[in-house]
Structure formats: structure tokens, C-alpha cells
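A.B. asks: Using the working numbering, you'd call the opening residue of the sequence shown number 24 and step up by one each time.
Mind looking over this structure? Questions follow.
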Amino acid sequence: LLQLRTGHIPLAKHLHRIQKADSPICPNCHQADESVAHFLLHCPAYHTARNTMHHAAGPNAFVVSKLLSSPKLLPHLFRFLGRTGCFHTVHG
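As C-alpha cells, this is what we get:
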């Protein structure tokens, strides 16, 4: 959760900033920088998982700051993260 809040997470935008990736562009959709907001709200690769989260969590799930801070939304966020399978690998 802290990594999502700070943006220091293994997404292409951060990895490119720390010279661990050649490009900040999302490797899944190639449409935009892979930022936290892109991952949570926009990337078409996670459309199904995102729709499930939004249906269950309501309109506040469309606001990154609320999604990352509201105790009521955190369970929905964690289920979304599990459905995407993006952060199962430990990076170190």
C-alpha cells in the first residue's frame, strides 16, 4: 500500500525513473506511462478486474487518493490487486 501511495512500485514509470526499465510506457497496453493512476484506473489490460472493483466499491473507486486511503475502499483495492496478479513477485 505504501508503494502505491508513494509511486515507488514496480510499474514501468518508476522502474524507468530508477533506470531499471528502458521505457516508462505500460508494457500491457503501450498507450501511456505505466503510473499508479494508469494501473488503477485506465489500463485496458485490467478492465475486468477494475470493473469488478468499481461495481463493488462505488464511485469513490475512481479517485486514486480515496482508493489508496479510505478504510472502506482498501479491501476492494486489495482484491483488485490480487485479481491482476501484478505484484506477486518480490522485487529486491
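We put the beta carbon where it would ideally sit given N, CA and C, even for glycine.
(1) Starting from residue 103, trace the alpha helix (DSSP H) in both directions and tell me its first and last residue.
(2) Within 10 angstroms of the Cβ of residue 41, are there 16 or more other Cβ atoms? Answer buried if so, exposed if not.
(3) Starting from residue 88, trace the alpha helix (DSSP H) both ways and give me its first and last residue.
(4) Could you check if residue 29 is buried or exposed, using at least 16 other CB atoms within 10 Å of its CB as the buried criterion?
(5) From residue 95 to residue 102, what does the alpha carbon distance come to, in whole angstroms?
C.D. replies: Concretely, from the data shown:
(1) 97 to 107
(2) Exposed: under 16 other Cβ atoms inside 10 Å.
(3) 87 to 90
(4) exposed
(5) 13 angstroms
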